[in-house]
Amino acid sequence: MLFGDLGSRRGQGWALTGLGVVQQETGDYPAAAASLQRALALFSDLGDLHGQAQALNALGLVQQETGDYPAAAASQRQALALFGDLGHRRGQGWALTGLGLVQQQTGDYPSAAASHQQALALFGDLGNRHGQAETLNRLGELSLRTSAPGQARDQHTRALAIARDIGAAPVEARALDGIGQAHIRDGNLSEGTACLRLALTIYQRINSPSAERVQETLRQYALTPASPPRSQ
């Protein structure tokens, strides 16, 4: 690693954080956790609060993916506190989104909704469209969990429009995935499965672990090819 050769420990920390994020997105969670723990240790030794907050936020997402919810919540709360101390509002938004995910997974839906809504307001104030789209997807997933498929579809559709406008493929895939799931929940199998196929195409292109889940959903319905829904 070049930063190591140059003796730049801060640079090593950021490189490890970036590597951990990529490993998390491709489903290599043990490697992601190891990279982010190394980054966190480097930033802690350097007293770099911003680096610590970013590493904790990313680590919390990995811990959430692997089902270690107490650790994930603790990481996101630490990240939120550090971002708050730094006055880093965008970071606060991402930490709130991560915390909301943990609360969502553990069934604390009122707290999850509050965290996501706080994040959405922060991203809206900042004009951070990527953050808005991500948070709208999370709200859509929460609405689906709480048996509000119509609301979920609306939230994911808003996320889809932003994702396509800014060219954020992973966010677009999650939005299509959510719209598809909401249509299926409402009994609209043709519309729903067409959206899921579009999501699957993107998931496969970006090597997302979500591709396998969507493939299994489509197999369950023994589907034949269909055209994309006109409304998407």
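With the sequence shown counted from 1, adding 1 to any position gets you my numbering. Here a beta-carbon is modelled for each residue, glycine too, at the ideal position from N, C-alpha and C.
Identify which residue in the options has its Cα closest to the Cα of residue i.
| i | options | result |
| --- | --- | --- |
| I167 | Y110, N129, Y204, A59 | N129 |
| Q133 | S144, A120, L143 | A120 |
| S45 | R11, G101, S112 | R11 |
| Q77 | A170, G88, G92 | G92 |
| Y70 | R39, Q105, L41 | Q105 |
| A122 | W95, R146, E213 | W95 |
| G108 | L87, T136, L145 | L145 |
| A54 | R186, I185, Q25, G85 | G85 |
| R139 | G179, I207, R90, A35 | G179 |
| G188 | Y222, G125, R90 | Y222 |
| A113 | R90, A16, F124, T147 | T147 |
Rounded to whole angstroms, how far is the Cβ of residue i from the Cβ of residue j, which I believe are closer than 8 angstroms?
| i | j | result |
| --- | --- | --- |
| A115 | G141 | Actually they are not in contact, since the Cβ atoms of A115 and G141 sit about 16 angstroms apart, beyond 8 angstroms. |
| V172 | A164 | 4 angstroms |
| L83 | L50 | 5 angstroms |
| A195 | Q205 | Contact doesn't hold; Cβ gap of about 16 angstroms is too wide. |
| A174 | H131 | Not confirmed; about 14 angstroms, so no contact. |
| A183 | P150 | 4 angstroms |
Measuring CB to CB, does residue i end up less than 7 angstroms from residue j?
| i | j | result |
| --- | --- | --- |
| T98 | A56 | no |
| L37 | G21 | yes |
| V103 | A74 | yes |
| L190 | V215 | no |
| T156 | L137 | For the sequence presented, residue 156 should be read as Gln rather than Thr. Contact flag set, yes. |
| G296 | P210 | No answer is possible for residue 296: it lies beyond the span of the chain, which begins at 2 and ends at 233. |
| I203 | G193 | no |
| L43 | G14 | yes |
| E66 | Y30 | yes |
According to DSSP, is residue i helix, strand or coil?
| i | result |
| --- | --- |
| Y222 | coil |
| A54 | helix |
| P31 | helix |
| I163 | helix |
| D126 | helix |
| G14 | helix |
| P171 | helix |
| N138 | helix |
| P150 | helix |
| G132 | helix |
| T194 | helix |
| D49 | coil |
| T98 | helix |
| S116 | helix |
| G108 | coil |
| H89 | coil |
| A75 | helix |
| S211 | helix |
| S36 | helix |
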